[in-house]
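K.L.:
Residues in the sequence shown are numbered from 1 upward in steps of one, following our numbering. Idealized CB from N, CA, C, for every residue including glycine. Given the structure is predicted, the values throughout are model-derived calculations rather than measurements.
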Amino acid sequence: GHGGGGGHPAQLLLVNTHLLFPHQRYFDVLRMRELRKILGFLEVYRKVSRLRSPIMLCGDFNGGPSGMQYRHLRLLNFTASSADNTSWVTHRTHLGNTLCCDFVWKLNPSCQIGHLETNW
1 GHGGGGGHPA QLLLVNTHLL FPHQRYFDVL RMRELRKILG FLEVYRKVSR
51 LRSPIMLCGD FNGGPSGMQY RHLRLLNFTA SSADNTSWVT HRTHLGNTLC
101 CDFVWKLNPS CQIGHLETNW
């Protein structure tokens, strides 16, 4: 299809990821770095291509709504595929615990707050 009247094809940036499994507590910081790198690459792509395409960021974030990656994406105005207080289960850990750590995030460029990432 074509986007809003400019004659340019509509584009969507689709990213699928699998962030590091949380074997240790400090891995949360490593997952945050992985996420910030992804956002940084998206920021550079949008700048170079001069396109403000919508973004869908999907995958296994190995952290739920209380995690720093989830909160960071919400601060940037990404919308999650589930509510913040979800009881949706996407994983059962090797210890038998159930959790939600798979998400589909979307960001409409007109809703974006600031830059995606500048210090990665």
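Jot down the residue ranges of each uninterrupted beta strand (DSSP E) in the region 75 to 111, minimum 3 residues, whole runs only, in chain order.
P.N.:
The qualifying runs are 102 to 107.
K.L.:
Please report the straight-line C-alpha distance between L19 and R46, rounded to a whole angstrom.
P.N.:
Taking the first residue of the sequence shown as position 1, residue 19 is located at position 19. Taking the first residue of the sequence shown as position 1, residue 46 is located at position 46. In a straight line, the C-alpha of L19 is about 22 Å away from that of R46.
K.L.:
Around the Cβ of N62, are there at least 16 other Cβ atoms within 10 angstroms (buried) or fewer (exposed)?
P.N.:
Translated into the one-based positions of the sequence shown, residue 62 becomes position 62. Under this definition N62 is a buried residue.
K.L.:
Take R74 as the anchor and find which of V44, C111, W88 and N97 has the nearest alpha-carbon.
P.N.:
In the sequence shown, counting from the first residue as 1, residue 74 sits at position 74. Selected option, being the one with the closest Cα: C111.
K.L.:
With a CB to CB cut of under 6 Å and the five nearest residues on each side skipped, what residues in its chain are close to L116?
P.N.:
Counted from its first residue, the sequence shown places residue 116 at position 116. So the qualifying residues of the chain are L39, L42 and E43.
K.L.:
Using beta-carbon positions only, say whether S87 and F103 come within less than 8 Å of one another.
P.N.:
Translated into positions along the sequence shown, residue 87 becomes position 87. Translated into positions along the sequence shown, residue 103 becomes position 103. No.
K.L.:
Could you name the residues that DSSP lists as bridge partners for G15?
P.N.:
If you number the sequence shown from 1, residue 15 lands on position 15. Reading off the sequence, residue 15 comes out as Val, not Gly. For V15, which the question treats as bridged, DSSP gives the partners L57.
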